[in-house]
Amino acid sequence: MQPNWFVAIEAVAEHPLSFPPLVEGMRLLHPADYHVTIAFFGQLPFDPSDRIGGLLRQIRSERFCAVATEVLLLPRRDYASVVALGFGEGSDTLRCVITQWRDRLRGALDLAPEQRPVLPHLTVARMKPRRDHRAIQERSTWATALADELPITFTFRRIGLYTWQNQRLPNHPHYRATRWVELE
């Protein structure tokens, strides 16, 4: 299987998140994996570092913070595969970085422009989507309990080209950055 690749801005929480007890089928992301995706490339048969390295060096954003203010079940509340945090203050800065760079980065790899609307979010948990009422209710209740931990501020200091870890271990980061660009 070929690895997924994406460019993302690393997110560092001002303090560790406190999570409610997990519901069946849910797994938390490692804090070292917290990021907001700028451009998703999917599976590629090659390392895209050389093709997008020049564009990464052109990204000239200042370091900034954003405040997570809501919990999102994505792609839909009734068929979610992700629990994510949505942003209030700082969301416009994230949206601008994504809007300015995602299609330029995708174009450098001969990928079509992204069709989905820009939604800055930070994934904190993953699960297989389920349609049964009990699972939907448990996940909604979990998301509501997590919302009680908000707001929380995240700092954004660098952008990376990410892919999977060579060896994926439980309770360890699943992603690794092959290139970094420090924000100013």
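Quick note: the sequence shown, position 151, residue 151 per this note's numbering, numbers continuous.
Yeah, the Cβ is synthetic: ideal placement off N, Cα and C, and Gly gets one too.
As the structure is a computational prediction, the values presented were derived from the model and not from experiment.
Check: Once DSSP output is grouped into helix, strand and coil, what is the label at G90?; Outcome: coil
Check: Report all residues from its chain with a CB closer than 8 Å to the CB of M26; omit the five preceding and five following residues, and keep chain order.; Outcome: V83, A125, R126, M127, R139 and W142
Check: Leaving out five residues before and five after V67 in sequence, what residues of the same chain have Cβ atoms less than 8 Å from its Cβ?; Outcome: F87, G88, E89, G90, P151, I152, T153 and F154
Check: Just verifying my parser: in three-state terms, what is the DSSP assignment at G54?; Outcome: helix
Check: Measuring alpha carbon to alpha carbon, tell me which of L169, F156, R176 and Y162 ends up nearest Q182.; Outcome: The sequence shown places Glu at residue 182, rather than the Gln named in the question. That would be F156, whose Cα lies nearest to the Cα of E182.
Check: Reducing DSSP to helix, strand and coil, say where I226 ends up.; Outcome: For the chain, the structure presents residues 1 to 184; residue 226 sits outside this window and is missing.
Check: Start and end of the beta strand (DSSP E) containing F41?; Outcome: H35 to Q43
Check: Could you check if A11 is buried or exposed, using at least 16 other CB atoms within 10 Å of its CB as the buried criterion?; Outcome: buried
Check: Can you tell me the Cβ-Cβ gap for A80 and V36, rounded? I've got them flagged as a contact below 8 Å.; Outcome: Actually they are not in contact, since the Cβ atoms of A80 and V36 sit about 18 Å apart, beyond 8 Å.
Check: Name the DSSP beta bridge partners of D25, please?; Outcome: Looking at the sequence shown, residue 25 is not Asp but Gly. G25 is not bridged to any residue.
Check: Let me know the secondary structure DSSP gives R158 once reduced to three states.; Outcome: strand
Check: Are the beta-carbon atoms belonging to T163 and P45 less than 9 Å from one another?; Outcome: no
Check: Assuming contact is defined by CB atoms lying nearer than 9 Å, are F6 and L111 in contact in what I supplied?; Outcome: no
Check: Pick helix, strand or coil for A66, following the three-state DSSP scheme.; Outcome: strand
Check: DSSP on L105, reduced to helix/strand/coil?; Outcome: helix
Check: Mind checking which residues open and close the beta strand (DSSP E) that includes E184?; Outcome: First-last for E184: undefined, no H or E at that position.
Check: Tell me whether the beta-carbon of P20 lies closer than 9 Å to the beta-carbon of A145.; Outcome: yes
Check: Under the three-state reduction of DSSP, which class applies to I59: helix, strand or coil?; Outcome: coil
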